[in-house]
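K.L.:
Residue numbers (my numbering): 376 to 518. Yeah, the Cβ is synthetic: ideal placement off N, Cα and C, and Gly gets one too.
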Amino acid sequence: MTTPPPHNPTTPERRWGLLRWALHGSAAVLFAWGALVQLNDPDPLRWVIAYGLTALVALTAPLKPPGLTEMAAALSLGYLAWAAWIARHGIPFVTIEEMFGDLTMKTDAVELWRETLGLAILGSYLLAVALWSRRQATSPHGP
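(1) Between which two residues does the alpha helix (DSSP H) containing Leu420 stretch?
(2) In its own chain, which residues sit with a C-beta less than 6 angstroms from the C-beta of Ala436, not counting the 5 before and 5 after it?
(3) Considering only their Cβ atoms, is the gap separating Leu411 from Leu450 smaller than 8 angstroms?
(4) On a Cα-Cα basis, can you pick out the residue from Arg421, Gly476, Arg489 and Gly442 that is closest to Ser508?
(5) Have a look at Leu431 and Leu497 and give me their C-alpha separation to the nearest angstrom.
(6) Tell me where the alpha helix (DSSP H) around Thr470 begins and ends.
(7) Using a threshold of 8 angstroms, state whether the C-beta atoms of Ile466 and Thr491 are closer than that.
(8) Would you kindly work out how many angstroms separate the C-alpha atoms of Gln511 and Met474, rounded to a whole number?
(9) With a Cβ-Cβ cutoff of 8 angstroms, do Leu487 and Ile461 count as a contact?
(10) To the nearest angstrom, report how far apart Ala447 and Thr482 are at their CA atoms.
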């Protein structure tokens, strides 16, 4: 009988697993914070749901639940389309200072840029999760 090799916590797979948890965990905290910040928005419900769903995906992504690819892809498509819909007629130019200097409501243009940027961030993150999840599912080495 052969003895199995001892568990090595420094294998590349183990390090990647820890990094994956750290990245998705950080994203979950960031998106959960984003959901909380939306509570003083004039229309908080849709934004709390958007940021909250993304935080939930980030929290569960390292577990590779069934349907992760489809859920992340659907949300990504929805958020990116929503961002495009907001920006469809153009948004007046605003400075970086106007965007991030004071986070209170300033002008409609600033608010539209913030909403569009937020949706683009959510959509891009979820697209990356969907692509990663799909790659893991189709990998010859298994999920």
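P.N.:
The relevant details are as follows:
(1) Pro419 to Thr435 is the span of the alpha helix (DSSP H), which, as asked, contains Leu420.
(2) If we look at Ala436 and ignore the five residues flanking it on each side, its Cβ neighbours are His399 and Val504.
(3) In this structure, Leu411 does not lie closer than 8 angstroms to Leu450 by Cβ.
(4) For Ser508, the nearest C-alpha among the options comes from Gly442.
(5) One C-alpha to the other measures close to 12 angstroms.
(6) Segment: none, Thr470 is in no alpha helix (DSSP H) and carries neither H nor E.
(7) In contact: Ile466 and Thr491 (Cβ atoms closer than 8 angstroms).
(8) When the Cα atoms are used, Gln511 and Met474 turn out to be separated by approximately 37 angstroms.
(9) Yes, Cβ-Cβ distance for Leu487 and Ile461 is below 8 angstroms.
(10) In a straight line, the C-alpha of Ala447 is about 32 angstroms away from that of Thr482.
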